[in-house]
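Keeping their order, the protein sequence lines are chains A and B.
According to the working numbering, the first sequence holds residues 1 to 385 in order.
According to the working numbering, the second sequence holds residues 1001 to 1413 in order.
For each residue, glycine too, the CB sits at the ideal point set by N, CA and C.
Being a predicted model, the structure only gives us computed values, none of them experimental.
Before any comments, here is the structure.
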Amino acid sequence: MKHRKSVILLLLISLLLIPAITACSNAQKNGSEKKAQTTSDPVKQGTQKMKQINHKLQAALKKNDSEAIKKYGKQINTQWLSYENGVRDRFPLQYAKIERYQQPIYAQSNLSAPDIAQMKENSSALEDQLDDLLAAKETKAKPSKLMKQAVNDYLKYANEQIDLLVKTTKPFVAAVKAGDVDKAKQLYTKPRIYYERAEPIAESFGDLDPSIDARINDVDDESKWTGFHEIERALWEKNSLKGQEKYADKLLEDVLSLQQKAKSFELTPKAMVAGSMELLEEAATSKITGEEERYSHTDLVDLQANVDGSQAVYQAAIPALNQGHKDLANQIDKQFQSFDKLMLKYKKSDTEYEDYTKLNKDQIREISNELSKLSKLMAQTAKIF
Amino acid sequence: MDHDLDTPEQKKGYSRREMLKMTALAGGGIALGASGLGTALELFGHKTSEQSAKTTATIPFFGKHQAGVTTAHQSYGYLAAFDIDPSVHDVAKIMALFISWTRLASTLTQGKREANSSNTQLPPNDTNEARDLGAASLTITFGLGHSFFIKNGKDRFGLSDKMPRQLTPMPKIAHESLDPAISNGDLCVQVCADIQQVAFHALRNLIKEALGTANIRWMESGFLNAPKGKTARNLFGFKDGTANVTRAADQDKIIWTGADEPKWMRDGTYLGYRKIKMNIETWDRDSYSDQEQVFGRKKDSGAAFGQSHEHEPVIMSKQPANSHVRLAHGTGKQIYRRAYSYTNGIQTTTGNLDAGLLFISFQNKPQDSFIPLLRVLGRSDALNEYTDHIATGLFAVPSGIRKNEYFAQHLFE
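Quick look at the structure:
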């Protein structure tokens, strides 16, 4: 509650500052840059504080002190929220990178049993990014250059996700081929997350997406059905992996092919933004209805992954949004925060969310509503064109 | 002064100027024309002779009373309720919504459409399905529910001291089996037109505009047709609304609110709503004479028992006991009925039709008319054998909106 209030307060203040910022003459801009190099700069000050808390977190992680880990993980978030608007305005490139490591730390600190190894990794990556921010110069580039940067940043993200998809599909496929139902069930959701985050890329390559991700109602001839969901059905409905080897081989072949193709993939800024809308639309249609993972009921995992993928586009587009659409960026940012906060209620671990069938009608409607709000705002990011 | 906006004492009393400034800052699709609510509009001026009067007829939006109450009954109606989004704690956001709703409603009811952005990467502003249709007598009527003011015992927005005097949660009525998901709500919007597509288009765009500030809770649609000047029939085959008053002086007495209400609520009314499911098959197998006994009027003419014309007075001694008309008439309570019939396919468990009446009535003192009437009918109406009340609602419909003002403006300012 506390940090939410401070977000609202900050948002209001930053909203009220917009006319001042946009009305800034060049001379004033130069003035604020100068200010950025002094110690009274709120961004530098805030970052120093972040580092202090991060050091406490690292000490707690070393000692495996879960109470302290949770405390400092949450404190990092509160500290970040208290000054992130300033970072987003002036250092959009660094902003997105810090968000990427800060968010999972906060998410883990809300779980009953945080993943210590993952937190250590993120905490040390966060430290590097904070140092980077302390040394950073304010981003000022031409709009066209900003868009190019946005696309490059996003592609980097998408390729990382696809690499992780390959990395996590391999053990899953091995378990399927070994006929180990329990292990395969356990390993099923991980590659799903990475796939759902980067899906717009996969969808650009004609047959690959249907071959990897088709649901039974997407095909007219069931005998030609392949991919994750075919194996999902075998695991949860048939509880047997008999005859699944060929599907496992085909799945691995397809994700490897996706990885290969994605490396040389070129994306226009418009297609990037359209892709983020597709992700939200997917979440709002097939995930929220429980159709996507109809056998395993792990729909919420996919839903969050879609939103993550969409958020990556937003983060990449922040430098462009900052050119005259800061108010929109503020609203989107706030809505991603409320969405993530809502989903924390259902999160059990990084790969596990509440079973879709355990949700009641009101809970589904609430998620759907938050998704719609997000989607309505994200549709407005096209203002950058 | 800008920084004062966050202090609690400021929250209650934004001036219109401050508010406009704030919403302009908030941006994000809230396009405001500060004066006259005029934004870029597309004017559809096809006035070819081929276009029927039905398509082009317009009802004024601005005026002393809201339209859609005593307006001649259009053929199609939608009634929808909205809930304020849980993230909204600040009346400024609600004011911004009411401003954009007013802009949209005053545009659509005059047969105009909102123009799209020149940036074609953005979603269109208008959904376009009514592009080639006119206003078709479109009216849009806005109301506020009790839960808008007080929810879970809390004064939500610091407005409860201005609450309409007769606005309460609906009391329990005998013989009802309500579904809360399709009952009540923080806001209500009634949309009526002579072309269903025009009415739907309007509501759809209002829903789209509101998302994030107010979210749709439920929506019902209905139809009702009658030759001009004649009383329409409901799905029981009887005339419905015979007792409605038509003279302005009578309407003032029964429909429009007066000086006992807070200023912003005067010249308004209250919308009472019941969704009444009809057991159509059972009714259709009932004898003709029993149907008349149950209803308390002659089926064809609409005349009361012992009379031969529809508008001749009801003679109580001649009315069948517990007939719908006898009970309603016996209370001496008057309301202004403006109902629509609805159908919604079949009930799959029984194969029976899912159909009935969206009972809508307007009255200035629902606590003294609408609710007592429901109590009496709920207890003993002979019609109850053929009906189920499955949804309910009571909404305050504030005064009409003046030009350059917005819906419920004087509640906030």
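So residue i is in the alpha helix (DSSP H); what residue range does that whole segment cover?
i                       : result
residue 342 of chain A  : 326 to 344
residue 147 of chain A  : 143 to 177
residue 189 of chain A  : 181 to 197
residue 366 of chain A  : 361 to 379
residue 1166 of chain B : Run containing residue 1166 of chain B: none; DSSP gives neither H nor E here.
residue 260 of chain A  : 245 to 263
residue 95 of chain A   : 92 to 109
residue 228 of chain A  : 228 to 233
residue 127 of chain A  : 116 to 135
residue 47 of chain A   : 42 to 63
residue 1094 of chain B : 1091 to 1108
residue 321 of chain A  : 299 to 321
residue 1289 of chain B : 1288 to 1295
residue 1327 of chain B : 1324 to 1330
residue 1257 of chain B : Neither: residue 1257 of chain B is in no alpha helix (DSSP H) and is coded neither H nor E.
residue 1053 of chain B : 1053 to 1056
residue 1411 of chain B : 1409 to 1412
How would you write the range of the beta strand (DSSP E) that residue i sits in, first residue to last?
i                       : result
residue 1274 of chain B : 1269 to 1278
residue 1145 of chain B : 1139 to 1145
residue 1082 of chain B : 1076 to 1084
Quick one: what's residue i bridged to in DSSP?
i                       : result
residue 1340 of chain B : B/1358
residue 1395 of chain B : B/1145 and B/1271
residue 353 of chain A  : A/347
residue 1155 of chain B : B/1150
residue 283 of chain A  : Beta-bridge pairing links residue 283 of chain A to no other residue.
residue 1346 of chain B : B/1353
residue 1072 of chain B : Paired residue(s): none; residue 1072 of chain B is not in a bridge.
residue 215 of chain A  : Residue 215 of chain A pairs with nothing; no bridge assigned.
residue 1176 of chain B : B/1389
residue 1304 of chain B : B/1297
residue 1131 of chain B : Per DSSP, none; premise fails for residue 1131 of chain B.
I think residue i touches residue j, with their Cβ atoms under 8 Å apart; what is that distance to the nearest whole Å?
i                       : j                       : result
residue 1261 of chain B : residue 1358 of chain B : Not confirmed; about 26 Å, so no contact.
residue 396 of chain A  : residue 300 of chain A  : What is shown of chain A runs 1 to 385, which leaves residue 396 of chain A out entirely.
residue 1278 of chain B : residue 1238 of chain B : With 8 Å as the limit, residue 1278 of chain B and residue 1238 of chain B do not qualify as a contact, their Cβ atoms being about 11 Å apart.
residue 1323 of chain B : residue 1296 of chain B : 3 Å
residue 1273 of chain B : residue 1158 of chain B : About 27 Å; that fails the 8 Å criterion.
residue 1215 of chain B : residue 1083 of chain B : 6 Å
residue 208 of chain A  : residue 202 of chain A  : 5 Å
residue 1397 of chain B : residue 1269 of chain B : 5 Å
residue 1218 of chain B : residue 1080 of chain B : 7 Å
residue 320 of chain A  : residue 150 of chain A  : 6 Å
residue 284 of chain A  : residue 223 of chain A  : In fact, because the Cβ distance is near 31 Å, the residues do not count as touching under 8 Å.
residue 255 of chain A  : residue 187 of chain A  : Actually they do not touch by this definition, with Cβ atoms about 14 Å apart.
residue 1121 of chain B : residue 91 of chain A   : Residue 1121 of chain B to residue 91 of chain A, Cβ: 27 Å. No contact.
residue 1386 of chain B : residue 1242 of chain B : So it is not a contact: roughly 19 Å between Cβ atoms.
Would the stretch 227 to 246 of chain A and the stretch 257 to 275 of chain A be scored as touching if the rule is three or more Cβ pairs under 8 Å?
no
Considering only residues of the stretch 1357 to 1393 of chain B, which uninterrupted alpha helix (DSSP H) runs meet the minimum length of 4 residues and lie entirely inside it, listed in chain order?
1370 to 1380
Three or more C-beta pairs under 8 Å: does that hold for the stretch 1195 to 1211 of chain B against the stretch 1094 to 1107 of chain B?
yes
Would you check if there are 3 or more beta carbon pairs closer than 8 Å linking the stretch 1054 to 1065 of chain B to the stretch 1158 to 1169 of chain B?
no
Whole runs of the beta strand (DSSP E) within the stretch 1184 to 1252 of chain B, excluding any shorter than 3 residues:
1187 to 1193 and 1214 to 1223
Below 8 Å, can you find three or more Cβ-Cβ pairs linking the stretch 1173 to 1185 of chain B to the stretch 1142 to 1154 of chain B?
yes
Should the stretch 69 to 88 of chain A be called in touch with the stretch 53 to 60 of chain A, which here means at least 3 C-beta pairs below 8 Å?
yes
Quick check: the stretch 329 to 346 of chain A against the stretch 221 to 230 of chain A, are at least 3 beta-carbon pairs closer than 8 Å?
no
Do the stretch 324 to 333 of chain A and the stretch 361 to 371 of chain A touch if we need at least three Cβ pairs shorter than 8 Å?
no
So does the stretch 1132 to 1141 of chain B actually touch the stretch 1098 to 1117 of chain B, counting three or more Cβ pairs closer than 8 Å?
yes
Under 8 Å: do the stretch 1284 to 1296 of chain B and the stretch 1397 to 1412 of chain B share three or more Cβ pairs, one atom per stretch?
no
Can you find at least 3 beta carbon pairs, one from the stretch 92 to 108 of chain A and one from the stretch 117 to 137 of chain A, that sit closer than 8 Å?
yes
Under 8 Å: do the stretch 286 to 301 of chain A and the stretch 171 to 181 of chain A share three or more Cβ pairs, one atom per stretch?
no
Does the stretch 1341 to 1350 of chain B come close enough to the stretch 1241 to 1260 of chain B that 3 or more CB-CB pairs lie under 8 Å?
no
Would you call the stretch 40 to 55 of chain A and the stretch 81 to 89 of chain A in contact, with 3 or more CB pairs under 8 Å?
yes
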